[in-house]
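Protein chains: 2
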Amino acid sequence: MKKRFIYLDNASVTKVDSRVLRAMNIYHTKYYSVPTVEYGHSFGLKSRKALEQAREAIAESINANKDEIIFTSGQTESNNLAIKGFVAMNNTARVITTKIEHESILNVCKDYGNVAYLDVDREGFIKFNSLKRLQEEGAILSIQHANHEIGTVQNIKRIGRFCRKAGITFHVDATQTFMKLDIDVERMNIDLLTISPHLIHGPRGIGALYIRKGVKIKAILSGGYNEFGIRPGLENIPAIVGFRKAVEIFDKKDVSRMFKLRDRLMKNLLEIDNTKLNGPLGKDRLCNNVNISFRYVEGESMLLHLDLRGIIVTTGSSCFSTALKPSHVILGIGGRHEDAHSSVRFSLSKYNDVEDIDYTIKNVNEVVSELRKISM
Amino acid sequence: MKKRFIYLDNASVTKVDSRVLRAMNIYHTKYYSVPTVEYGHSFGLKSRKALEQAREAIAESINANKDEIIFTSGQTESNNLAIKGFVAMNNTARVITTKIEHESILNVCKDYGNVAYLDVDREGFIKFNSLKRLQEEGAILSIQHANHEIGTVQNIKRIGRFCRKAGITFHVDATQTFMKLDIDVERMNIDLLTISPHLIHGPRGIGALYIRKGVKIKAILSGGYNEFGIRPGLENIPAIVGFRKAVEIFDKKDVSRMFKLRDRLMKNLLEIDNTKLNGPLGKDRLCNNVNISFRYVEGESMLLHLDLRGIIVTTGSSCFSTALKPSHVILGIGGRHEDAHSSVRFSLSKYNDVEDIDYTIKNVNEVVSELRKISM
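Here you go:
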């Protein structure tokens with residue numbers, strides 16, 4: 050088997066699709082004006098039209114209305130806007146979350162203080178009883194649709210129904226699942242939803258927050274009256290156009306393909322001795338996520354040895370891994386420090402094929418053997 | 050003279066240079082990883098290198114150190130981060146500014162409350178005596194390097210020297226002047242500086258805040274530990290690479306060319322009866338800004354009629370003009386409501402040539418005559 054280049058860090062960021070790039074480039078060099086309205090010049094109306102069409106297409110993809118979509122600079126800003134914007138309107142509101150969320154949520158909560166943490170089980174699913182116990186009318190619940198490290202997909206519909214009845218505002222960070230799983234803000238009773246195109250081959254530096262009509266959110270940034278007064282600043286039209294394009298070209302068939310590749314990778318890697326899957330099996334695991342702890346092997350050593358063989362993976366979350374801290378997610382589901390330190394995340398995209406997976410399986414086997422020879 | 054398309058709204062946003070676009074596109078489709086550090090995969094080191102090289106080149110362009118540059122999503126966020134980040138560290142600090150700033154500064158100030166406004170003269174220059182009167186140790190002064198509507202260039206060096214002596218932190222919004230005028234944060238005693246590439250043919254959705262070492266700024270957004278802990282979120286590498294490229298290809302010769310074209314446009318338009326230049330003449334006016342009030346003509350009518358002839362201009366600032374409110378800048382320099390309503394801003398770029406200018410002069414003359422025939 051020849052050396053290949055296999056990118057399996059698609060839960061961090063994905064390659065931009067060339068169709069997305071072409072769509073964006075037109076708005077960098079041809080229709081490059083600021084969006085204008087009624088009294089503005091006609092050149093700016095082209096940008097305005099692109100902006101509003103994108104807003105409409107993106108709203109439709111989650112069954113929202115177009116005036117419920119606010120463009121932001123990405124996941125971190127959307128998550129900040131959801132929580133800080135909500136508690137700024139209601140500064141005694143409790144925030145309910147879990148300890149396995151994305152660091153943008155965890156750190157917003159840490160700064161705020163009035164927070165309750167739901168229990169999660171050993172696969173990362175929220176224990177429904179803890180929600181019943183911690184519920185409080187007027188609170189805001191913030192959870193990921195699917196966990197960024199271990200791919201656990203929460204039962205959003207059940208939790209949403211509960212929140213609606215309990216008078217809890219429901220924020221979902223769908224960064225990992227957007228377009229890969231069906232999201233219907235009506236059917237799921239979602240009040241606030243973070244989405245971004247950067248994991249579906251769209252651009253970085255753009256994201257959105259869905260804000261249900263009637264939910265009061267205070268802007269974080271002050272300035273102009275863009276985005277219904279919720280998010281000032283020059284609209285990033287090229288990126289917004291790219292966002293729309295990424296949504297439009299998304300093909301559900303890629304999800305089925307990723308599921309198959311994921312299961313092939315997972316099944317074969319778990320045949321290695323002393324391995325442990327982090328997160329669940331089956332449909333309640335994100336289609337492109339594999340996370341395995343290889344006992345007696347450091348995740349960082351795995352990462353570097355696979356890198357030498359052309360395979361790009363991460364250990365822990367991409368942000369925490371740089372600090373060599375054990376993954377807060379693996380610890381959060383009751384994993385041991387050694388599980389956290391030996392965990393490797395393989396995240397797939399539509400650009401991966403079965404040869405990539407088989408090459409990865411073969412090389413992980415070899416690297417694990419080599420490293421265990423040294424450590425044992 | 051044949052109908053042309055002449056874009057003169059370059060103080061709002063500029064066309065992206067094809068060299069910038071090519072540089073960015075590589076990081077969308079080839080080196081698309083998140084930036085990693087020591088323990089990360091080698092693919093991410095390419096992004097890290099691009100990030101740090103950009104930081105260095107941009108720092109160098111304003112005579113700063115690279116660890117003093119924080120990437121943000123643009124001007125509005127940088128301005129918010131400067132002021133909100135400063136007063137969050139010191140919540141009794143007074144903010145000193147003027148009434149002719151960009152709306153992101155004006156609205157941050159409005160929300161904060163503890164603000165003093167410096168006087169400006171009829172050309173938009175800060176009255177130095179009012180700074181002496183309003184100074185307060187521990188305060189923060191925030192002004193634009195050049196005004197976005199009327200192009201008035203403040204004497205940053207003199208104001209900076211004063212602030213340093215008075216113990217005032219000095220924030221300059223250099224969005225309009227970045228690269229067009231020399232900026233040296235050391236020589237000018239600037240503590241915080243907002244810059245962005247979107248007016249020098251770089252991308253939108255990216256900007257930076259220079260923060261002098263030792264100046265304490267609290268992050269607005271919570272999340273990961275990116276950008277020295279000041280700005281969390283996935284680094285927008287393609288845009289950052291575009292930012293760097295826009296800086297590197299900037300050619301000072303274009304500034305001299307724009308000065309000449311600006312003066313040709315200004316001189317000829319001021320020969321029309323009952324016109325009034327808003328802002329100063331000469332070197333203390335931004336190289337690409339012309340702002341003229343055409344008495345007895347509505348700015349909006351001018352805009353629409355010029356638009357029909359292929360000439361893109363604005364009236365008031367681009368954001369306020371959509372609301373048909375009179376320009377706060379023209380009112381702020383003591384202009385009458387009719388001056389504000391009849392003002393038109395022509396903002397040039399390196400892509401304009403003398404034919405554009407002559408075509409504009411001819412057409413403005415015709416449109417003004419036509420419209421005055423109706424109104425008088």
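Chains as they are written, first to last, in our numbering: chain A, 50 to 425; chain B, 50 to 425. Every residue, glycine too, gets a C-beta built ideally from N, C-alpha and C.
Check, Outcome
"Could you tell me whether the Cβ atoms of A:G348 and A:T364 are closer together than 7 Å?", "yes"
"7 Å is my cut-off, CB to CB: does B:H386 come that close to chain E?", "In the structure shown, chain E cannot be found, because the protein chains are A and B."
"Within this structure, are the beta carbons of A:I217 and A:A103 separated by less than 7 Å?", "no"
"If I follow the unbroken alpha helix (DSSP H) through B:F343, where does it start and stop?", "From DSSP, B:F343 is part of no alpha helix (DSSP H) but of the beta strand (DSSP E) over N338 to F343."
"Name the chain A residues that come within less than 7 Å of B:P281, Cβ to Cβ?", "T125 and S153"
"Could you tell me which chain B residues have their CB closer than 8 Å to the CB of A:N327, listed as they occur along the chain?", "None at all; the shortest Cβ gap to chain B is about 19 Å."
"In or out: B:S48 buried (at least 16 other Cβ within 10 Å) or exposed?", "Because chain B here runs from 50 to 425, residue 48 of chain B falls outside it and cannot be looked at."
"So which residues of chain B does A:V62 contact, with C-beta pairs closer than 8 Å?", "Y81, S82, V83 and L283"
"Which runs of the alpha helix (DSSP H) spanning at least 4 residues fall entirely within the stretch 98-165 of chain A, listed in chain order?", "124-138 and 152-161"
"Quick check: the Cα distance between A:T125 and B:S271, rounded to an integer number of angstroms?", "8 Å"
"How about A:V65: is its C-beta nearer than 7 Å to some C-beta of chain B?", "yes"
"So, helix, strand or coil for B:G251, using DSSP?", "coil"
"If you draw a straight line from the C-alpha of B:S214 to the C-alpha of B:N238, how long is it?", "Note that residue 214 of chain B corresponds to Lys in the displayed sequence, not to Ser. In a straight line, the C-alpha of B:K214 is about 10 Å away from that of B:N238."
"Indicate whether at least one CB of chain A lies closer than 7 Å to the CB of B:Y76.", "no"
"Can you give the Cα-Cα distance for B:F308 and B:L248, rounded to whole angstroms?", "16 Å"
"Check whether chain A comes within 7 Å of B:D405, counting only Cβ atoms and requiring the distance to be less than that.", "no"
"Taking the DSSP output, what are the residues bridged to B:I192?", "B:V221"
"Could you tell me whether the Cβ of B:F343 comes closer than 7 Å to any Cβ of chain A?", "no"
"Between A:R104 and chain B, is any beta-carbon pair separated by less than 7 Å?", "no"
"Does B:D222 pass the burial test, meaning 16 or more other C-beta atoms within 10 Å, or should it be called exposed?", "buried"
"Mind checking A:N178: buried by the 16 CB within 10 Å criterion, or exposed?", "exposed"
"How many Å lie between A:L180 and A:L167 at the Cα?", "6 Å"
"I'd like the list of long-range same chain contacts for A:I426, defined as Cβ closer than 7 Å, with 5 residues on each side in sequence excluded.", "Beyond the ends of chain A as shown, which are 50 and 425, falls residue 426 of chain A; an answer cannot be given."
"Please name the residue or residues paired with A:V1 in a DSSP beta bridge.", "The displayed coordinates of chain A run from 50 to 425. Any statement about residue 1 of chain A would go beyond what the structure contains."
"State the Cα-Cα distance for the pair A:S110 and A:R253, rounded to the nearest angstrom.", "19 Å"
"Leaving aside the five residues before and after B:F92 along the sequence, list all residues of the same chain whose C-beta is less than 7 Å from its C-beta, in chain order.", "S82"
"Quick one: which chain A residues come within Cβ less than 9 Å of B:L248?", "None at all; the shortest Cβ gap to chain A is about 10 Å."
"Going along chain B in order, which residues have a C-beta closer than 7 Å to the C-beta of A:L440?", "Nothing about residue 440 of chain A can be read from this structure; chain A reaches only from 50 to 425."
"Strictly below 7 Å CB to CB, what residues from chain B border A:A223?", "None at all; the shortest Cβ gap to chain B is about 16 Å."
"Closer than 7 Å, CB to CB, is B:L270 near chain A or not?", "yes"
"Can you give me the Cβ contacts of A:A257 inside the same chain, cut-off strictly under 7 Å, excluding the 5 residues immediately before and after it?", "I107, I118, I119, F120, T121, S127 and I244"
"I want to verify the contact list: residues of chain A whose CB lies under 9 Å from the CB of B:A165, in sequence order.", "Within 9 Å Cβ-Cβ: nothing; B:A165 doesn't reach chain A, min ~18 Å."
"Return helix, strand or coil for A:V393, following the three-state DSSP convention.", "strand"
"Helix, strand or coil: how does DSSP classify B:R358 here?", "coil"
"Note down, in chain order, every chain B residue with its Cβ under 9 Å from the Cβ of A:V144.", "Going along chain B, no residue has its Cβ under 9 Å from A:V144, so there is no contact; the nearest lies around 12 Å."
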